[in-house]
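Under this note's numbering, the letters of the sequence shown match residues 149 to 733, in that order.
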Amino acid sequence: MVKRCRHLLLSCLLLLPFAVQATVPVIASIDQPELAVGETLRLSLTINDAGNAASPNTKDLKKDFDIISTARRNRIVMINGKTTSKSQWVFELMPKHAGTITIPAIDVGGQKSQPLMVKVGPSTSSASPDAQAAANDNKAVFLTAELEPKNLYVQSQGIYTLKIFFSVNVQNPTLTEPQADNAMIMHINNDRNYKKIIDGKHYQVLERHYAIFPQQSGDMTINGPIFSGDVLATNQAMTGSSRMITTGWHTLRAAAKPIALKVKPIPAAANQQWWLPAADVKLSEKWSDNPPKFHVGQPITRTLTLEASGLAGTQLPALDLPTINGVQTYPDKPETDTLSNGQTIIGKRVEKIAMIPDKAGDITLPEVNVTWWNTQTNHAEIAKLPARKVTVLPATSGEANDATNQPLQPLTLDAKKTADDAIATPAQIVSSKSATVWEIISGVLFIAWLATLLVWWRSRQHTTDTEAAKAEAAFTERKESIARSKKNLKKRCDNNDPKAAANALVQYGQCLWPDARIRSLGDVAANLSSNAAKLAVTELDKMLYTDNDTNWSGKHFWQVVNKELVKHKVSAASDRDVIPKLHLR
């Protein structure tokens, strides 16, 4: 019986890793939850086990989608010395019909993903802006732009959607920003790449969004971005009875049409000192102790957060905080931030207040409110925290432990002591001699302390010199590493190898920005300031998901990206700042 139990236990232990592996999920994600028939979306399946070599079972997926392309790649990520491997499958899908379609759970070697919902609208009609632009331009590259909503209040947010349509491969792409007088324009970082069929013609589409905040009422014109890029053209010419075909690069330029609008002024119904037009505003609080406990003399911190959808953090007002009787308040410096959820701008303002009650009893924390204008309903609304009563408890016993609370000691006088006590006694003489001895001991200790201080100071100088030498060596090593990475990247570009160039660019980025945690081409693009370089890196990243890399030009990629990366040489040299300054000797 015991032997059988041992065998059973051993079998369970051997099967445990397989049971754990079976519970590791496949994470499914899509780049766009809404699209139209004729457009594509990207489905990604991420497996936290690169050793899973099984292929996804796409049988159920093919019922509602055509699979345009499939790609797989493995990633090894090291975080805090721990290495994890991930495998990712990427499918480019085109829905077969309109409606709400469920992407089914997909099995990958016994592991299943979660199902996802996609809303598919009807196909693009000939009356749609995209179809009209395609018919009017009839070019290899054209741009469209839309603004939503079309009527904006002053300082409110409008979403400017730009689409670039390609029917040919483009090299060295550049794109300017939309321009408008008296307006603040911010790029929302959610660029989307997909395919679209318009009147039977296939296009690759890059979709980009901007948040536009007009700062003045009246007429305003948004001038569209200008796109330029190199395309490979084929020319045919007849020479006698023979036909000559030549190819060469030439530059294409296209611009989005300007959008004219009338910006509405602040409505009279707003009736407020601070104009706050937003889609939604939330006001919340958090305490350093939850629930908060109030004691006399003990500080407690209240954190108030104002969050607005459709406004930048710098547009949010300071909170009006009334004084509280019986409480001393010490506000901290407010913090503002501007975020994006991929579809809109979200502004945040955080205010922290340290509160110290100075008396026990019941106190009332006044209501905190912010009046704002709802751009969805065109009405004024109020976000508020209601007033609340709290009880302040007396100070704890530990804080009352001072000299005034010590018990009085009885005062005793020796009746025998008189003025004659002024005569020196033998004990007093001995005390005087003891004082002399202590003075000698103190002098010796002082000299020893000076000697110790001198030894420490010299050791400190030696340590500082050593640290400086180490920092200088680290800087030299990093500079050499940057040079090697750059040389490797150029070599991969010269070989027209996009996958090797992508890996080399990530390594180059890790050397240039060691604190930025560069792990992918997306991380590299986020650290670039040039739109041309960002677009080139984005196109390279997109190409890694397809099997078509024959049209990638490493030479052109190197010219665009290197022009941007050479600007960051100074950031590499800034490592010299870590060398500690030497003390004057």
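In this text, a Cβ means the ideal position worked out from N, Cα and C, and glycines have one as well. Quantities reported herein were computed from a predicted structural model and do not represent experimental measurements.
Could you pull the start and end residues of the beta strand (DSSP E) that Gly247 belongs to?
Boundaries of the beta strand (DSSP E) harbouring Gly247: 247-251, taken from the DSSP string.
Using CA atoms only, rank isn't needed, just tell me which of Gln352, Lys639, Ala528 is closest to Ala426.
Ala528
Best match in Asn644, Asn438, Trp520 for proximity to Leu464 [C-alpha to C-alpha]:
Trp520
State buried or exposed for Gly591, treating a residue as buried only when at least 16 other CB atoms are found within 10 Å of its CB.
exposed
Helix, strand or coil at Ser117 according to DSSP, with G and I counted as helix:
Residue 117 lies beyond the stretch modelled for the chain, which goes from 149 to 733, so this question has no answer here.
Are there three or more Cβ pairs, one per stretch, closer than 8 Å when the segment 702-710 is compared with the segment 668-688?
yes
Assuming the contact rule is C-beta atoms closer than 8 Å, Val302 and Ser365 should be a hit. Round their C-beta distance to whole Å, please.
5 Å
Report the three-state DSSP secondary structure of Val316 (helix, strand or coil).
coil
Length of the line joining the Cα atoms of Ser677 and Leu713:
Rounded to the nearest angstrom, the two C-alpha atoms are 10 Å apart.
Buried or exposed (CB count within 10 angstroms, at least 16 for buried), Thr232
exposed
According to DSSP, simplified to helix, strand and coil, what is Gln655?
In the three-state reduction of the DSSP assignment, Gln655 falls in the helix class, which pools H, G and I.
Express the C-alpha separation of Val603 and Ala596 in angstroms, rounding to a whole number.
11 Å
Could you check if Asn489 is buried or exposed, using at least 16 other CB atoms within 10 Å of its CB as the buried criterion?
exposed
Cα-Cα separation, Lys627 to Thr324:
Each residue's CA atom was taken as its position, placing Lys627 and Thr324 some 33 Å apart.
Limits of the alpha helix (DSSP H) - the one that Lys690 falls within:
679-691
Out of curiosity, what's the CA-to-CA distance linking Leu637 and Arg221?
Each residue's alpha carbon lies about 20 Å from the other.
Taking the Cβ atom as the reference point for each residue, do Ile216 and Thr188 lie within a distance shorter than 7 Å?
Cβ atoms of Ile216 and Thr188: closer than 7 Å.
Assign Ala570 to buried or exposed, taking buried as 16 or more other Cβ atoms, counted over all protein chains shown, within 10 Å of its Cβ.
With a pLDDT of 40 at Ala570, under the threshold of 50, the predicted position of this residue should be treated as unreliable, and no value is reported.
Can you check which of these residues, Pro479, Ala466, Asp480, is closest to Val518 by C-alpha distance?
Ala466
Check whether the Cβ atoms of Asn320 and His704 lie closer than 7 Å to each other.
yes
Suppose you measure from the CA of Phe95 to the CA of Phe290; what does that come to, to the nearest Å?
In this structure the chain extends from 149 to 733, so residue 95 is not present and cannot be described.
Kindly indicate which three-state DSSP category Ile148 falls into: helix, strand or coil?
The first residue shown for the chain is 149 and the last is 733, placing residue 148 beyond what the model contains.
Along the alpha helix (DSSP H) that carries Ala674, what are the first and last residues, could you check?
669-674
Within 10 angstroms of its Cβ, does Ala664 collect 16 or more other Cβ (buried), or is it exposed?
Ala664 is classed as exposed because its beta carbon has fewer than 16 other beta carbons within 10 Å across all chains shown.
To the nearest angstrom, how far is the alpha carbon of Gln236 from that of Ser192?
Approximately 7 Å, taken between the alpha carbons.
Leu454 - containing beta strand (DSSP E), residue span
448-457
Please state whether the Cβ-Cβ distance between Thr449 and Ser436 is less than 7 Å.
yes
Alpha carbon to alpha carbon, how far is Ile370 from Glu499?
36 Å
Apart from the five residues on each side of it in sequence, which residues of its chain come closer than 7 Å, Cβ to Cβ, to Thr512?
Ala535, Lys537
Give the single residue among Ile312, Val174, Gly306 whose Cα lies nearest to the Cα of Thr292.
Among Ile312, Val174, Gly306, the Cα nearest to that of Thr292 belongs to Ile312.
In chain order, which beta strand (DSSP E) runs of at least 3 residues are fully inside the segment 307-380?
319-323, 331-346, 349-362, 366-370
Report the option in Ile588, Leu241, Ile493 whose CA atom is closest to the CA atom of Asp214.
Out of Ile588, Leu241, Ile493, the CA that lies nearest to the CA of Asp214 is found in Leu241.
In this structure, how does DSSP classify Pro646 when only helix, strand and coil are distinguished?
helix
Just list the residues that DSSP pairs Asn526 with in beta bridges.
None, per the DSSP bridge assignment.
Quick one: what's got a C-beta closer than 7 Å to Gly670's C-beta in the same chain, skipping five residues either side?
Asp689
Burial state of Ala417, where buried means 16 or more other Cβ atoms lie within 10 Å:
exposed
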